[in-house]
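Chemist: In the working numbering, the protein residues as written are 7 to 104.
1) Give the single residue among 30, 38, 75 and 36 whose Cα lies nearest to the Cα of residue 22.
2) Report the option in 93, 64 and 77 whose CA atom is closest to the CA atom of residue 29.
3) Alpha carbon to alpha carbon, what distance is there between residue 91 and residue 20?
4) On the DSSP bridge list, what partners appear for residue 72?
5) Do you know how far the Cα of residue 43 is from the Cα of residue 53?
6) From the DSSP output, read off the bridge partner residues of residue 61.
7) Assign residue 12 to one of two classes, buried (16 or more other C-beta atoms within 10 Å of its C-beta) or exposed (fewer than that).
8) Quick one: give me the first and last residue of the alpha helix (DSSP H) that residue 88 is part of.
9) Mapping DSSP to helix, strand and coil, what is residue 12?
10) From residue 72 to residue 37, what does the alpha carbon distance come to, in whole angstroms?
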């Protein structure tokens, strides 16, 4: 700050972050990172056309399609999310202060 440089802080609310992953964006980032087409097709089948129900005290909801997000309690969820946000620092680096 003494040298006239701008300092800033960024606070991110990552609550429900795994639920908001856009499948198309994630697949394009996997492709950018060099994932081959066979593996990309596997990831696509893993992510798309997923459905869920909710069970509360034995009362089961109707089935709903999931349009975004990575599967909860999966091995891959915690591995795919960092791929999804990995370019965030470079996005922030090229942004301007308001």
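Each residue gets a CB set at the ideal place from its N, CA and C atoms; glycine is no exception. These figures come from a predicted structure and were not determined experimentally.
Modeler: Quick answer:
1) Position 16 of the chain shown, counted from the first residue, corresponds to residue 22. It is 75 whose Cα lies nearest to the Cα of residue 22.
2) In the chain shown, counting from the first residue as 1, residue 29 sits at position 23. The shortest C-alpha separation from residue 29 is found at 77.
3) Taking the first residue of the chain shown as 1, we reach residue 20 at position 14. Taking the first residue of the chain shown as 1, we reach residue 91 at position 85. Going by the C-alpha atoms only, they are around 11 Å apart.
4) As a working mapping, residue 72 is identified with position 66 in the chain shown. Looking at the DSSP assignment, residue 72 forms a beta bridge with 56.
5) The sequence position of residue 53 within the chain shown is 47, counting from 1. The sequence position of residue 43 within the chain shown is 37, counting from 1. Cα to Cα, residue 53 sits roughly 15 Å from residue 43.
6) By one-based count along the chain shown, residue 61 stands at place 55. Paired residue(s): 66.
7) Working through the chain shown from its first residue, we reach residue 12 at position 6. Its Cβ having fewer than 16 others within 10 Å, residue 12 is exposed.
8) Walking along the chain shown from the start, residue 88 turns up at place 82. Where residue 88 is concerned, the enclosing alpha helix (DSSP H) stretches over 83-91.
9) As a position in the chain shown, residue 12 is number 6, starting the count at 1. Coil.
10) In the chain shown, counting from the first residue as 1, residue 72 sits at position 66. In the chain shown, counting from the first residue as 1, residue 37 sits at position 31. Residue 72 and residue 37: Cα-Cα distance of roughly 22 Å.
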